[in-house]
Structures are given as C-alpha cells and as structure tokens.
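Written below as structure tokens is the structure these notes are about.
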C-alpha cells in the first residue's frame, strides 16, 4: 500500500451490486474450525519482517520520489505485483503502508532491492519526511508483503487498469512484471492476453514514469492511454483531455464489459469510475478496487433484524467479555463489534491504520477464546496459527483474552 497519498492504506471495496473487490479471507482462529481461505493464491507471501536500508532516492516528477530499499541483513524479498509493505517511521512516530512499484522477481527467490513511489503531500508527515529529511543509508522497519490487488489473473482474458494521480503505483509494478515476463519468456506467473491502462493526471508534468510507461504502449498487446485535465507550464497537452467519462471510456476500450477491471485512485475518482463501469455493463464480479484511506473505523454488520440498518439493539444479542491483560481491564463487546472498537470505546489505545484487515498495523496476540476474523490479506497463515489476530476485523464469538 503503495501509498502515494500520504497516510494512505490500500483497502478493498465492494462495487454496488457486485462481488467483493478481492477474494475475502474469512479466517476462523485456532480452536474455532479449519482455516479456509477464499483462494490460496491470494494469500500474502510469508516473506519479511525487519529493517531496510535506503539505497537510492530518485526524483521522478516535481513532487514524486522513488525510494529504494534493501534488507539490512541481506537476502531477498519475494512479492507479487500490486502488493505492499507496512513501514514504521520512528522519526515521525507513524506507520504507513506503501505499494511496491518496482519489478518483482520472476521466480520464488525474491529480489535484493525494491522501490516505493511517494508523492509529497503538503502537510503530510511521512511524505514530507521522505522527501525532505530521509537520506540514503537511513533505515526503516518494514513488514510484508501484504495484499491481493492484482493477484486475480484469468489467463486468456483481457485486463483494464484505471488509475488517477498516485493510484498509478501498484500498476507500475504490474506493468513492469508483465514486460519482464514477456521479454524473458518466463511463465511462472499467469498473464492477461492484453492490458489497457488508462491513467488520469492533472497535467503532463504529473505523469509518473511517463517515458517508461509510454514505451510499453503498442507492444505485446499492452496499451497506455494518459488523460490530462490541463496543460503543464512546459507542455501543451495533445492527448486525451479532460475528465474521464463513460462515453470516452467506451471509445478508448470498446470491449470494456468483457475485461477484468482494476481501479485505483482518490475517492471521488474511484466512485465516479465505478458508476461508469456499471453503466457500461461491467459485471460487479470483474471489478477490483484499491483505495487510500486512513483511520476509518468500519463497523462489522450484525446479523438478525439489525443487519444492514445499523447496530442491532435487541435484548437477545450476545455480549462477550474481552480481557486486555496489558491494560489490566475487561470490557463488554456486543455481538458484531470488533475487538478494536471495544478497546477504543473503553479508552484503550491500540495502534491501527486501515481498520479493514488490510495493513496489519493492529496485529495482536490472542491468549484464549474464539473470534471470527474477516481480513483482506493483512495477516499470514503462520501468524494465525501462532494465535495472532487483527483486532480491527475480529469479532468475538466467545469470551476472549488478549495479551
């Protein structure tokens, strides 16, 4: 999670009337049943937790920077196109998630270095720190990779990538991986039969890695279409101009309804594009989204009469006790409330970022009890087996004791 939006965290959404944006991973914890992921191929790869050292800082545009890392202890980092790492920045006291924008390994051995692409946001503590104070040789703590965006490839089918602004980041890795696979003849990863990437930017000066991405267009059934809303100071834009509309998208991609569609960008863009796709007849099950939000609390809907209409308040609703040993207190958790929400309502501070089971920031140890955890790739199978959970998306189904 990629985050070119400072403070951004990749999360998944459900298009109206459609299927989940990514394969949901509903994970009963040990003792509550078998661990049954929706799709084993979508699971995060058990790769890395440790310190990274910065090996390069490369300006890309006037406000975008590539930051390259390698593990301090050496070794390699396996990741899939579209995945992200969670970074800890003690210098600013904040955790952030950033998607990898560089090319992944074609095999299982991983890569020695990888890059993230960061847009400087006015007032953004992490992006400002990375642009103004971070130096080659500095270190950060990282954990990952996580995420399933881009993992659902249907060989023989066509894909459409739709991005705006900083939302281009995961697609950089996905496009670079496609090029590397085609050039090498390696087929360790499945490939789309064709890819059309339509990217919206403010001006030509804001097109990230423009020369490289443009060079891919017209090769190997790959097409890149930049759309700019205005000229830059140095260039009068001669390409597709204005805001993307359904009619423009239909002209650019006549077979849009037959493609698997991936959408990433700011909220307003994403919502507008999802509406366009529905109007153009794209089935909800073929729409995958990645967004960038921070600090949102997501209420898990309760079952019964209250489901879908707010919190259930019937007298028969189950209430479980949740003991937080570290805080020395026990709170009552109504049916449908997450452990993180219960902790916050009791005034217990606990680190959290996405609040949707994506980033892994809130990861904690469950000593006893059973929970139902509905996460989106923010925790590994090994960690689940060791008793770790994500409180932000874990709902008690019995009394629970947390470390």
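In the UniProt record's numbering, the protein residues as written are 1 to 403. Just so you know, even glycine gets a beta-carbon here, dropped at the ideal spot from N, CA and C. All values derive from a computational prediction rather than experimental measurement.
Distance between residue 350 and residue 298 (C-alpha atoms, nearest Å): Start at 1 with the first residue of the chain shown, and residue 298 comes out as number 298. Start at 1 with the first residue of the chain shown, and residue 350 comes out as number 350. Residue confidence for residue 298 is low, a pLDDT of 29 falling below 50, so the modelled location carries little weight; the figure read from the coordinates is stated next. So the alpha carbons of these two residues sit roughly 15 Å apart.
query: Does the separation of the CB atoms of residue 55 and residue 69 fall below 9 Å?
result: Position 55 of the chain shown, counted from the first residue, corresponds to residue 55. Position 69 of the chain shown, counted from the first residue, corresponds to residue 69. Between residue 55 and residue 69, the C-beta spacing is below 9 Å.
field: Cα-Cα separation, residue 324 to residue 347
entry: One-based indexing of the chain shown puts residue 324 at position 324. One-based indexing of the chain shown puts residue 347 at position 347. When rounded, the distance between both Cα atoms is 12 Å.
Residue environment, residue 211, which counts as buried when at least 16 other CB atoms sit within 10 Å: On the chain shown, position 211 is the one that residue 211 refers to. The residue in question, residue 211, is exposed, as its Cβ has fewer than 16 Cβ neighbours within 10 Å.
field: Which of helix, strand or coil DSSP assigns to residue 230
entry: Translated into the one-based positions of the chain shown, residue 230 becomes position 230. Residue 230 falls in the coil class under three-state DSSP.
message: Here's a check: name, in chain order, each residue in its chain whose Cβ is nearer than 7 Å to the Cβ of residue 172, leaving out the five neighbours to either side.
response: Within the chain shown, residue 172 is the residue found at index 172, counting from 1. The answer, listed in chain order, is 101, 117 and 209.
field: Beta-carbon proximity check, residue 328 vs residue 146, cutoff 9 Å
entry: Against the chain shown, residue 328 aligns to sequence position 328. Against the chain shown, residue 146 aligns to sequence position 146. No, these two residues do not count as a Cβ contact at 9 Å.
message: Counting beta carbon pairs with one atom in the segment 360–379 and one in the segment 388–396, are three or more of them shorter than 8 Å?
response: yes
message: Is the separation between the beta-carbon of residue 164 and that of residue 195 shorter than 9 Å?
response: Counted from its first residue, the chain shown places residue 164 at position 164. Counted from its first residue, the chain shown places residue 195 at position 195. No, Cβ-Cβ distance for residue 164 and residue 195 is not below 9 Å.
query: Where does residue 262 fall in DSSP's three states?
result: On the chain shown, position 262 is the one that residue 262 refers to. Strand.
field: Close beta carbons around residue 135, own chain, < 8 Å, minus the five adjacent residues each side
entry: Residue mapping note: residue 135 aligns to position 135 of the chain shown, counting from 1. If we look at residue 135 and ignore the five residues flanking it on each side, its Cβ neighbours are 54 and 57.
Collapsed DSSP secondary structure at residue 271 in the structure displayed: On the chain shown, position 271 is the one that residue 271 refers to. Correct three-state label for residue 271: helix.
task: List the whole-angstrom C-beta distance separating residue 404 from residue 397, where the pair is believed to meet the contact cut-off of C-beta under 8 Å.
output: What the structure shows of the chain is the stretch from 1 to 403, and residue 404 is not part of that stretch, so it cannot be assessed.
task: For residue 244, I'd like the list of residues in its chain whose CB is within less than 6 Å of its CB, leaving aside the five on either flank, ordered along the chain.
output: Mapped onto the chain shown, residue 244 falls at position 244. The residues are 200 and 227.
9 Å Cβ cutoff met for residue 335 and residue 318: As a first step, residue 335 is located in the chain shown; it is residue number 335 there, counting from the start. As a first step, residue 318 is located in the chain shown; it is residue number 318 there, counting from the start. Using a Cβ distance threshold of 9 Å, residue 335 and residue 318 count as a contacting pair.
- request: Give the straight-line distance between the Cα atoms of residue 404 and residue 181, rounded to the nearest whole angstrom.
  value: In this structure the chain extends from 1 to 403, so residue 404 is not present and cannot be described.
- prompt: residue 289 and residue 331 look like a contact to me (Cβ under 8 Å); what is the Cβ gap, rounded to whole Å?
  reply: If you number the chain shown from 1, residue 289 lands on position 289. If you number the chain shown from 1, residue 331 lands on position 331. Contact doesn't hold; Cβ gap of about 34 Å is too wide.
task: Consult DSSP for residue 404 and reduce its assignment to one of helix, strand or coil.
output: In the structure as shown, the chain begins at 1 and stops at 403. Residue 404 is therefore absent and cannot be evaluated.
- request: Hey, could you find the ends of the beta strand (DSSP E) residue 160 is sitting in?
  value: Taking the chain shown and counting its residues from 1, one reaches residue 160 at position 160. First-last of the beta strand (DSSP E) with residue 160: 158–164.
query: Using the beta-carbon count (16 or more within 10 Å), is residue 29 buried or exposed?
result: Within the chain shown, residue 29 is the residue found at index 29, counting from 1. At residue 29, the pLDDT of 32 sits below 50, so the modelled position is not reliable and the matter cannot be decided from this model.
- request: Check each candidate in 260, 254, 150 and 220 and name the one with the smallest Cα separation from residue 79.
  value: Mapped onto the chain shown, residue 79 falls at position 79. Taking only the C-alpha atoms, the option nearest residue 79 is 150.
message: Buried or exposed for residue 486, going by 16 or more other Cβ atoms inside 10 Å?
response: Nothing about residue 486 can be reported from this structure: the residues present for the chain run from 1 to 403 only.
- prompt: In the segment 347–395, which residue ranges form an unbroken beta strand (DSSP E) of at least 3 residues, counting only runs that do not cross its ends?
  reply: 364–368 and 371–375
message: Between the alpha carbons of residue 275 and residue 287, how many angstroms are there, rounded?
response: Your numbering for residue 275 matches position 275 in the chain shown. Your numbering for residue 287 matches position 287 in the chain shown. One C-alpha to the other measures close to 11 Å.
- request: State yes or no: is the C-beta of residue 177 within less than 9 Å of the C-beta of residue 125?
  value: Translated into the one-based positions of the chain shown, residue 177 becomes position 177. Translated into the one-based positions of the chain shown, residue 125 becomes position 125. Contact flag unset, no.
task: Report yes if the CB atom of residue 140 is closer than 9 Å to the CB atom of residue 224, and no otherwise.
output: Against the chain shown, residue 140 aligns to sequence position 140. Against the chain shown, residue 224 aligns to sequence position 224. No, these two residues do not count as a Cβ contact at 9 Å.
- request: Can you give me the Cβ contacts of residue 242 inside the same chain, cut-off strictly under 7 Å, excluding the 5 residues immediately before and after it?
  value: Mapped onto the chain shown, residue 242 falls at position 242. Around residue 242: 229.
Contacting residues, own chain, Cβ-Cβ under 8 Å from residue 51 (five flanking each side not counted): Translated into the one-based positions of the chain shown, residue 51 becomes position 51. For residue 51, where only same-chain residues beyond five positions count, the Cβ hits under 8 Å are 71, 72, 73, 139, 140, 141 and 142.
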